[in-house]
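Visitor: Take a look at the following structure, please.
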Amino acid sequence: MIPFLVSLIVMMSTPDTRVVEIHAKRFSFSPDTVTLKRGEHVTVRLISDDRAHGLLVKPLGIELDASPNAPDEISIVAPAQAGTYPAICDHYCGMGHGGMKMQFAVE
Amino acid sequence: VTSYIGMKRTLDRRDFMRLSALSLGAGALLRFSPASAALRDHFQHRNGESPSPFSIVQLSDTHVGFSGPPDPLGTKAFERAVDVINALDPQPDLVLFTGDLTHDSEDAGEHARRMRTFRDIAGRLRARKRFYVPGEHDAALDGGALFGEHFGESRYSFDHRGVHFIALDNVSSGRPAVGAAQIAWMKKDLARYGHDVPIVVFTHRPLFDLKPEWEWFTTDGDQVMNALAPYRSVTVLYGHIHRAHHHTNGSAQHHAARSLIFAFPDPEATAEKKALPFDAAAPFRNLGVRVASAPAPLSINDVELTVREIGGTEGVQQLLKGGAA
Numbered sequence: 134m135i136p137f138l139v140s141l142i143v144m145m146s147t148p149d150t151r152v153v154e155i156h157a158k159r160f161s162f163s164p165d166t167v168t169l170k171r172g173e174h175v176t177v178r179l180i181s182d183d184r185a186h187g188l189l190v191k192p193l194g195i196e197l198d199a200s201p202n203a204p205d206e207i208s209i210v211a212p213a214q215a216g217t218y219p220a221i222c223d224h225y226c227g228m229g230h231g232g233m234k235m236q237f238a239v240e
Numbered sequence: 008v009t010s011y012i013g014m015k016r017t018l019d020r021r022d023f024m025r026l027s028a029l030s031l032g033a034g035a036l037l038r039f040s041p042a043s044a045a046l047r048d049h050f051q052h053r054n055g056e057s058p059s060p061f062s063i064v065q066l067s068d069t070h071v072g073f074s075g076p077p078d079p080l081g082t083k084a085f086e087r088a089v090d091v092i093n094a095l096d097p098q099p100d101l102v103l104f105t106g107d108l109t110h111d112s113e114d115a116g117e118h119a120r121r122m123r124t125f126r127d128i129a130g131r132l133r134a135r136k137r138f139y140v141p142g143e144h145d146a147a148l149d150g151g152a153l154f155g156e157h158f159g160e161s162r163y164s165f166d167h168r169g170v171h172f173i174a175l176d177n178v179s180s181g182r183p184a185v186g187a188a189q190i191a192w193m194k195k196d197l198a199r200y201g202h203d204v205p206i207v208v209f210t211h212r213p214l215f216d217l218k219p220e221w222e223w224f225t226t227d228g229d230q231v232m233n234a235l236a237p238y239r240s241v242t243v244l245y246g247h248i249h250r251a252h253h254h255t256n257g258s259a260q261h262h263a264a265r266s267l268i269f270a271f272p273d274p275e276a277t278a279e280k281k282a283l284p285f286d287a288a289a290p291f292r293n294l295g296v297r298v299a300s301a302p303a304p305l306s307i308n309d310v311e312l313t314v315r316e317i318g319g320t321e322g323v324q325q326l327l328k329g330g331a332a
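Top line first, the protein sequences correspond to chains S and U. Each residue of the first sequence is one higher than the one before, counting from 134 in the numbering used here. Each residue of the second sequence is one higher than the one before, counting from 8 in the numbering used here.
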């Protein structure tokens, strides 16, 4: 009951939060670029379409780990400055893992 | 008790085990030397085992089974490293392998064959005490099952001549993480030791944020290092980054060994993580000798030599006689 109430309070306190869904599949992300507004409140949700994948963007505080039927998400506030932030899969997923990348663009 | 307290007051950083590191490209040869008679007496009193000088070799990232342009020679560098180490006199007490022993395969049978090939080559080493931790290419796709079948536990600890060694697995979960259970195990293991016992941790990934966007980090590495912070002499040996690197944080010294398959570039010099190209004119270029040393307790001089100038067994013996660090 308590976690439910906490979630409800969070949802009520951030009614304008946009949810960005990112699909992960060996060895790519879709979309491969996510554009955020400066200072925007956003929930980033990682959905895996095949096996376990990670999504890591340390400067944005994004560290997600998703498996099929077990998405992972985090709410963040985009930086106040514009910039481009590379993201990688940090859950080893096979031979093409090293090339599994995307980016966040803050405008 | 009185003598222990008195000893504790008189010991300082200079008394602790000195660690000399020769990064051979073929791995790293490390020599431990108790720096004072006071320290020997101290450990004899504390844990009944008086430290004495010894050396260890660290090998890393052999990637048995890898095939590609950065290294068309397969296991040749690994086999040469074995020959170099076998020619050392005296022989190292211990050989530590810090992960990515094999290159992964989607075919479990093929991956098992690569592990057997690795074991056959490593088995040619004269040094009999060999220890292993997995890299992500060994263990991340199957949670460490195949590694366990061939090499046993991926986390463990042991004592050797007054030094406590801890093997940590930061790959088998698939993520660059040690995990809460393993950290709790490590804390329990450490609790048996006084803060003056030298600690050597060996693992695959760096336990600090070396280059997170290249996956050169461990997400909970800071928790591991916080648990080690009270210990006055901590050495972390790791691989993964395919290049020599030395880093100091508090009382902890972190050393990466070179790979035995191909090298990655300096992340400070390039934005792209891409293997350095194979050089047919110098096929073992990355087996060139690098000697590193710095102020006590860990002395490191960084000297890079080419294979032609000084290489192989003869080169290593020259360096040792030269009293590196």
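We treat Cβ as the ideally placed atom computed from N, Cα and C, and that holds for glycine. Keep in mind it's a predicted model, so treat the numbers as computed, not measured.
(1) Which residue's Cα is closest to the Cα of L197 (chain S): S:A220, S:G229, S:P164 and S:G227?
(2) Along chain S, in chain order, which residues have C-beta atoms closer than 8 Å to that of R121 (chain U)?
(3) When we look at the beta-carbon of G106 (chain U) and count the other beta-carbons within 10 Å, is it buried (16 or more) or exposed?
(4) State the Cα-Cα distance for the pair H144 (chain U) and T109 (chain U), rounded to the nearest angstrom.
(5) Using a Cβ-Cβ cutoff of 8 Å, what residues of the stretch 172-206 of chain U are near chain S? List them in chain order.
(6) With a threshold of 16 other CB atoms inside 10 Å of the CB of G75 (chain U), please say whether the residue is buried or exposed.
(7) Alpha carbons only, please: which of U:W223, U:P77 and U:F285 is nearest the one belonging to C222 (chain S)?
(8) State the DSSP-derived secondary structure class of V239 (chain S), mapped to helix, strand or coil.
(9) Contact check, R178 (chain S) vs C226 (chain S) under 8 Å by CB: the rounded distance?
(10) Taking CB distances under 8 Å as the criterion, tell me whether M235 (chain S) reaches chain U.
(11) Judging by CA-CA distance, which residue of U:I63, U:L80 and U:S62 is the nearest neighbour of F269 (chain U)?
(12) Go ahead and pull the three-state DSSP assignment for I248 (chain U).
(13) Along chain U, which residues have their Cβ under 7 Å away from the Cβ of G229 (chain S)?
(14) My understanding is that F215 (chain U) touches H252 (chain U), with C-beta atoms under 8 Å, so please give their C-beta distance in whole angstroms.
(15) With 16 as the cutoff for other CB atoms within 10 Å, does E279 (chain U) come out buried or exposed?
(16) Which whole-angstrom value describes the C-beta separation of A184 (chain U) and T226 (chain U), a residue pair presumed to lie in contact below a C-beta threshold of 8 Å?
(17) With burial defined as no fewer than 16 other Cβ atoms inside 10 Å of the residue's Cβ, what is the status of D19 (chain U): buried or exposed?
(18) Buried or exposed: which applies to E220 (chain U), given that a residue is buried once 16 or more other Cβ atoms fall within 10 Å of its Cβ?
(19) Less than 8 Å between CB atoms is the rule here; does A147 (chain U) satisfy it with respect to chain S?
(20) Just confirm the distance between the C-beta atoms of H211 (chain U) and P272 (chain U), as a whole number of angstroms; I'd bet it's less than 8 Å.
(21) Identify every residue that forms a DSSP beta bridge with D171 (chain U).
(22) Exposed or buried, H202 (chain U), counting other C-beta atoms within 10 Å across all chains shown (16 or more means buried)?
(23) Grab the span of the alpha helix (DSSP H) containing A157 (chain U) for me, first residue to last.
(24) So which of U:A147, U:H262, U:A234 and U:S161 has the shortest CA-CA distance to V420 (chain U)?
(25) Which residue comes first and which comes last in the beta strand (DSSP E) that contains Q260 (chain U)?
(26) Using a Cβ cut-off of 8 Å, pull out every chain U residue sitting near E196 (chain S), in sequence order please.
(27) Under 8 Å, Cβ to Cβ, is there at least one residue of chain S near P219 (chain U)?
(28) Buried or exposed, going by whether 16 or more other CB atoms sit within 10 Å of the CB of T69 (chain U)?
(29) Please confirm if E143 (chain U) has its CB atom under 8 Å from at least one CB of chain S.
(30) Would you kindly work out how many angstroms separate the C-alpha atoms of I63 (chain U) and V89 (chain U), rounded to a whole number?
(31) With respect to the alpha helix (DSSP H) encompassing H144 (chain U), which residues constitute its N-terminal and C-terminal limits?
(32) Could you tell me the distance, in whole angstroms, from the CA atom of P237 (chain U) to the CA atom of P99 (chain U)?
(33) Roughly how many angstroms separate the alpha carbons of H174 (chain S) and R168 (chain U), rounded to a whole number?
(34) Quick one: what's R178 (chain S) bridged to in DSSP?
(35) Under a CB-based cut-off of 8 Å, is G216 (chain S) close to chain U?
(36) Check the Cβ of K191 (chain S) against every Cβ in chain U and list those closer than 8 Å, keeping chain order.
Guide: Let me spell this out:
(1) Locating residue 197 (chain S) in the first sequence gives position 64, where the first residue counts as 1. Taking only the C-alpha atoms, the option nearest L197 (chain S) is S:A220.
(2) As a working note, residue 121 (chain U) is residue 114 in the second sequence. The premise fails here: R121 (chain U) is roughly 13 Å from chain S at the closest Cβ pair, so nothing lies under 8 Å.
(3) In the second sequence, the residue the question calls residue 106 (chain U) occupies position 99. Buried, because 16 or more other Cβ atoms sit within 10 Å of the Cβ of G106 (chain U).
(4) Position 137 of the second sequence, counted from the first residue, corresponds to residue 144 (chain U). Position 102 of the second sequence, counted from the first residue, corresponds to residue 109 (chain U). Computed Cα separation, rounded: 6 Å.
(5) V178, G181, R182 and P183
(6) The residue labelled residue 75 (chain U) in the question sits at position 68 within the second sequence. Exposed, since its Cβ has fewer than 16 Cβ neighbours within 10 Å.
(7) As a first step, residue 222 (chain S) must be located in the first sequence, where it is residue number 89. The candidate whose alpha carbon is nearest that of C222 (chain S) is U:W223.
(8) Here residue 239 (chain S) corresponds to residue number 106 of the first sequence, with the count starting at 1. It is a strand residue.
(9) Residue numbering aside, residue 178 (chain S) sits at position 45 when the first sequence is read from its first letter. Residue numbering aside, residue 226 (chain S) sits at position 93 when the first sequence is read from its first letter. So it is not a contact: roughly 18 Å between Cβ atoms.
(10) Counted from its first residue, the first sequence places residue 235 (chain S) at position 102. Closer than 8 Å: no.
(11) As a working note, residue 269 (chain U) is residue 262 in the second sequence. Of the candidates U:I63, U:L80 and U:S62, the one whose C-alpha sits nearest the C-alpha of F269 (chain U) is U:L80.
(12) Counted from its first residue, the second sequence places residue 248 (chain U) at position 241. If DSSP states are grouped into helix, strand and coil, I248 (chain U) belongs with coil.
(13) Your numbering for residue 229 (chain S) matches position 96 in the first sequence. Correct list: empty, because the minimum Cβ distance to chain U is about 11 Å.
(14) By one-based count along the second sequence, residue 215 (chain U) stands at place 208. By one-based count along the second sequence, residue 252 (chain U) stands at place 245. No, F215 (chain U) and H252 (chain U) are not in contact; Cβ-Cβ is about 11 Å, not under 8 Å.
(15) The residue labelled residue 279 (chain U) in the question sits at position 272 within the second sequence. The residue in question, E279 (chain U), is exposed, as its Cβ has fewer than 16 Cβ neighbours within 10 Å.
(16) For the purposes of this step, residue 184 (chain U) is taken as residue 177 along the second sequence, with counting starting at 1. For the purposes of this step, residue 226 (chain U) is taken as residue 219 along the second sequence, with counting starting at 1. With 8 Å as the limit, A184 (chain U) and T226 (chain U) qualify as a contact, their Cβ atoms being about 5 Å apart.
(17) Taking the first residue of the second sequence as 1, we reach residue 19 (chain U) at position 12. Its pLDDT being 42, under 50, D19 (chain U) is placed unreliably by the model, and nothing is read from it.
(18) The count along the second sequence starts at 1 and reaches residue 220 (chain U) at position 213. So E220 (chain U) counts as buried.
(19) Working through the second sequence from its first residue, we reach residue 147 (chain U) at position 140. It does: the Cβ of A147 (chain U) has a partner Cβ on chain S nearer than 8 Å.
(20) Along the second sequence, read from residue 1 onward, the residue named residue 211 (chain U) stands at position 204. Along the second sequence, read from residue 1 onward, the residue named residue 272 (chain U) stands at position 265. Rounded, the Cβ-Cβ distance is 20 Å, inconsistent with contact.
(21) Locating residue 171 (chain U) in the second sequence gives position 164, counting from the first residue. Looking at the sequence itself, residue 171 (chain U) is His, so the reference to Asp does not match. U:D166 and U:I206, per the DSSP bridge assignment.
(22) Looking up residue 202 (chain U) in the second sequence gives position 195. H202 (chain U) comes out exposed.
(23) Residue mapping note: residue 157 (chain U) aligns to position 150 of the second sequence, counting from 1. Reading off the sequence shown, one finds His at residue 157 (chain U), where the question assumed Ala. Note, H157 (chain U): alpha helix (DSSP H), A152 to F158.
(24) Because residue 420 (chain U) is not part of the residues shown, which for chain U are 8 to 332, the question remains open.
(25) Reading the second sequence from its first residue, position 253 is the one you call residue 260 (chain U). Taken as a continuous stretch (DSSP letters only), the beta strand (DSSP E) holding Q260 (chain U) covers A259 to A263.
(26) In the first sequence, residue 196 (chain S) corresponds to position 63, counting from 1. Per Cβ cutoff of 8 Å: T226.
(27) To locate residue 219 (chain U), count along the second sequence from 1; it is residue 212. Under the 8 Å criterion on CB atoms, P219 (chain U) is classed as interfacial with respect to chain S.
(28) Taking the first residue of the second sequence as position 1, residue 69 (chain U) is located at position 62. Buried: at least 16 other Cβ atoms inside 10 Å.
(29) The residue labelled residue 143 (chain U) in the question sits at position 136 within the second sequence. Yes, contact with chain S.
(30) For the purposes of this step, residue 63 (chain U) is identified with residue 56 of the second sequence, where counting begins at 1. For the purposes of this step, residue 89 (chain U) is identified with residue 82 of the second sequence, where counting begins at 1. Rounded to whole angstroms, I63 (chain U) and V89 (chain U) show a C-alpha spacing of 14 Å.
(31) Reading the second sequence from its first residue, position 137 is the one you call residue 144 (chain U). Start and end: E143 to A146.
(32) As a first step, residue 237 (chain U) is located in the second sequence; it is residue number 230 there, counting from the start. As a first step, residue 99 (chain U) is located in the second sequence; it is residue number 92 there, counting from the start. Roughly 29 Å separates the two Cα atoms.
(33) Here residue 174 (chain S) refers to the residue found at position 41 when the first sequence is read from its first residue. Here residue 168 (chain U) refers to the residue found at position 161 when the second sequence is read from its first residue. Their backbone Cα atoms lie some 56 Å apart in a straight line.
(34) Along the first sequence, read from residue 1 onward, the residue named residue 178 (chain S) stands at position 45. Paired residue(s): S:E154 and S:E206.
(35) Start at 1 with the first residue of the first sequence, and residue 216 (chain S) comes out as number 83. No, because no Cβ of chain U sits closer than 8 Å to the Cβ of G216 (chain S).
(36) One-based indexing of the first sequence puts residue 191 (chain S) at position 58. Chain U residues near K191 (chain S): D216, P219 and E220.
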